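Colleague: Below are the C-alpha cells for one structure; questions will follow.
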Ligand SMILES: C[S@@+](CC[C@H](N)C(=O)[O-])C[C@H]1O[C@@H](n2cnc3c(N)ncnc32)[C@H](O)[C@@H]1O
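Structure representation (C-alpha cells):
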C-alpha cells in the first residue's frame, strides 16, 4: 500500500508538486465538472478547441483557458494540437459517484475550515468549524442547521457510504431475531427504517441530538414504521447518563469514529450495560486497515482531518486493530468480524467478556 520505491527522483518530485498544488488543482477540477467542460467533452468524443469550449459554455476565453490547461496538467483532459478531449480521469471526476460525493464534501464542508487544521491539531478543538459554521463544541448539534450546500454534501457523503453497506447488513441483521435494538447516532433514521421494514418484529430506539431525532421520526412516519422507531434526544458525550436497558443489541454504524478513544471506551461500556443476557454490541465501521484496495484506505485516512478541523478536534477514522483494543478495554470481546460490506465496511459483533 502506498509504495514509493518504484519511483525515480523526477517522478517523486512531480508527485510532490501535485501535493503542493493540490488545492489549486482541486478547485479547477471542480469547476471543469460544475461548469460543464467535462460533460461537453464526454458528449463530443472528437473534442473541441478552447475557443469552441468557451463559446459553447458561455465562458470567457480566459476562464476556459485557465481551466482547460489545469485540466490538461492534472490528466483529466488530453490536448492534441489545439483539441481537448476527456481522459479516463476526467470521466471519473464527472461520473463516479464516490468521487462526486468526496469532492462535494471536501468543497462544501471542509475546504475553508481545513485552513485552520494547524490550530485544530494543537488545541484539539474543531477550529475550522469555529471559523466557518459555528462556535459549538462539535459539528453534530448543528448538522440540520448547516448552510444548504454544506448540509446536502455532509449528508450525501455520510449516506453514500452507509447506504451501500446497509443492503447486506439488513439481510444479516434481520435473520438474528432481534426484538429490541438501541441505536446511538441513528441520524436521519436510515438504518432503523431499513431494519424495521425488513424485520416486522423489531423495534429500534435511536439516541441522537434533537435535530436528527426530529428528522428521523418524521422519516419513520413517512415510511410507515413510526410505531416501531423511537427516538430520544441526548448528548452522548455525557457519560454519566446511562443508556436505556435490556436490549438484544446496540447498533453503532459510522458512529464511533466521531469520538476520541476515551469516549469510545466509555460509549462501549454504556452499550454493554444496555444489553440483556444474550445481547450483542454491533459496530459498523470502514476501517482503513481492512480495505482491499488502496483507494479505500486513501479516502478513509484523508477523511480524518475533517474530524480534526471541522467535526470535533479529537476523532479520526480508525484501524480495526485500534477498535479491537477499545472493545477489549470496555470489557467486551469481538465474537465475529464480517468484512467487505458495501464499499469496505466491517461489522464487528461483540459480546461481554466472561
Ligand atoms: C456520522 S453520523 C452516523 C450516521 C448513521 N449511524 C450512519 O451509519 O450513517 C454520526 C451520528 O452521531 C450523532 N452524534 C455524534 N455525536 C453525538 C453526541 N455527542 N450526542 C448525540 N449524538 C451524537 C450525530 O448527530 C450523527 O447523527
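In the numbering used here, the protein residues as written are 4 to 357.
All C-beta atoms, glycine included, are put in the ideal place defined by N, C-alpha and C.
Keep in mind the model is a prediction, meaning the values are calculated, not measured.
1) Cutting at 6 Å between CB atoms, please list the residues of its own chain near residue 223, excluding the five before and the five after it.
2) What residue range does the alpha helix (DSSP H) around residue 87 cover?
3) Return the residue from the list 58, 258, 131, 53 that minimises the CA-CA distance to residue 70.
4) Any beta carbon from chain B within less than 9 Å of residue 319's own beta carbon?
5) Quick one: is residue 87 buried, meaning 16 or more other Cβ sit within 10 Å of its Cβ, or exposed?
6) How is residue 325 classed by DSSP in three states: helix, strand or coil?
7) Taking 9 Å as the cut-off, decide whether the C-beta atoms of residue 167 and residue 287 are in contact.
8) Can you tell me where the alpha helix (DSSP H) holding residue 151 begins and where it ends?
9) Relative to the C-alpha of residue 302, which residue among 59, 61, 106 is closest?
10) Considering residue 353, what are the terminal residues of the alpha helix (DSSP H) in which it resides?
11) Quick check: residue 156 and residue 108, are their CB atoms within less than 9 Å of each other?
12) Anyone know if the C-beta pair for residue 3 and residue 354 falls short of 9 Å?
13) Going by the C-beta, is residue 171 closer than 8 Å to any heavy atom of ligand 1?
14) Is DSSP giving residue 283 helix, strand or coil here?
15) If residue 300 and residue 4 are in contact, beta carbons under 8 Å, what's the gap, nearest whole angstrom?
16) So the alpha helix (DSSP H) residue 103 belongs to, where does it begin and stop?
17) Do you know whose CA, among 13, 262, 315, lies nearest residue 329's CA?
18) Ordered along the chain, which non-local residues of its own chain (more than five positions away) have a Cβ less than 7 Å from that of residue 82?
19) Cα separation between residue 67 and residue 57?
20) I'd like to confirm something about residue 72: is its beta-carbon nearer than 8 Å to some heavy atom of ligand 1, or not?
21) Just to confirm, is the Cβ distance from residue 313 to residue 132 under 9 Å?
22) For residue 292, which residues of its own chain have a beta-carbon under 8 Å away from its beta-carbon, when the five flanking residues on both sides are left out?
23) Assuming residue 210 contacts residue 237 under a Cβ cut-off of 8 Å, what Cβ separation, rounded to an integer in Å, is found between them?
Modeller: From the atom records:
1) Counting from 1 along the chain shown, the entry for residue 223 is found at position 220. These residues qualify, in order along the chain: 192, 196, 229, 232.
2) As a working mapping, residue 87 is identified with position 84 in the chain shown. Counting along the chain, residue 87 falls outside any alpha helix (DSSP H), though it belongs to the beta strand (DSSP E) covering 86-89.
3) Here residue 70 corresponds to residue number 67 of the chain shown, with the count starting at 1. The residue among 58, 258, 131, 53 with its C-alpha nearest the C-alpha of residue 70 is 53.
4) This model lacks chain B altogether; it includes just one protein chain.
5) On the chain shown, position 84 is the one that residue 87 refers to. With 16 or more Cβ atoms within 10 Å of its Cβ, residue 87 is classed as buried.
6) Stepping through the chain shown from its first residue, residue 325 is reached at position 322. The answer is helix: DSSP assigns residue 325 an H, G or I state.
7) Residue mapping note: residue 167 aligns to position 164 of the chain shown, counting from 1. Residue mapping note: residue 287 aligns to position 284 of the chain shown, counting from 1. Cβ distance not < 9 Å, so residue 167 and residue 287 don't count as in contact.
8) Reading the chain shown from its first residue, position 148 is the one you call residue 151. Start and end: 151-177.
9) Counting from 1 along the chain shown, the entry for residue 302 is found at position 299. Between residue 302 and the set 59, 61, 106, the nearest pair of CA atoms involves 106.
10) Locating residue 353 in the chain shown gives position 350, counting from the first residue. Element bounds for residue 353: not the alpha helix (DSSP H) but the beta strand (DSSP E), 348-355.
11) If you number the chain shown from 1, residue 156 lands on position 153. If you number the chain shown from 1, residue 108 lands on position 105. Yes. Within cutoff.
12) In the structure displayed, the chain extends from 4 to 357; residue 3 sits before or after that span and is not available.
13) Working through the chain shown from its first residue, we reach residue 171 at position 168. With a threshold of 8 Å, the Cβ atom of residue 171 does not count as near ligand 1, since no heavy atom of the ligand is closer than that.
14) Position 280 of the chain shown, counted from the first residue, corresponds to residue 283. Of the three classes helix, strand and coil, the one that applies to residue 283 here is strand, per DSSP.
15) The residue labelled residue 300 in the question sits at position 297 within the chain shown. The residue labelled residue 4 in the question sits at position 1 within the chain shown. With a contact defined as Cβ atoms closer than 8 Å, residue 300 and residue 4 qualify at about 6 Å.
16) Translated into the one-based positions of the chain shown, residue 103 becomes position 100. Taken as a continuous stretch (DSSP letters only), the alpha helix (DSSP H) holding residue 103 covers 100-108.
17) Looking up residue 329 in the chain shown gives position 326. Ranking 13, 262, 315 by Cα distance to residue 329 puts 262 first.
18) The residue you call residue 82 lines up with position 79 of the chain shown. In chain order, 75 place their CB closer than 7 Å to the CB of residue 82, counting only its own chain and leaving out the 5 sequence neighbours on each side.
19) Within the chain shown, residue 67 is the residue found at index 64, counting from 1. Within the chain shown, residue 57 is the residue found at index 54, counting from 1. About 5 Å.
20) Position 69 of the chain shown, counted from the first residue, corresponds to residue 72. Answer for residue 72: no, Cβ out of range of ligand 1.
21) Position 310 of the chain shown holds residue 313. Position 129 of the chain shown holds residue 132. Cβ distance < 9 Å, so residue 313 and residue 132 count as in contact.
22) Within the chain shown, residue 292 is the residue found at index 289, counting from 1. Closer than 8 Å at the Cβ level, and outside the excluded window around residue 292, lie 300, 322, 323, 324.
23) By 1-based counting over the chain shown, the position of residue 210 is 207. By 1-based counting over the chain shown, the position of residue 237 is 234. 5 Å between Cβ atoms; contact.
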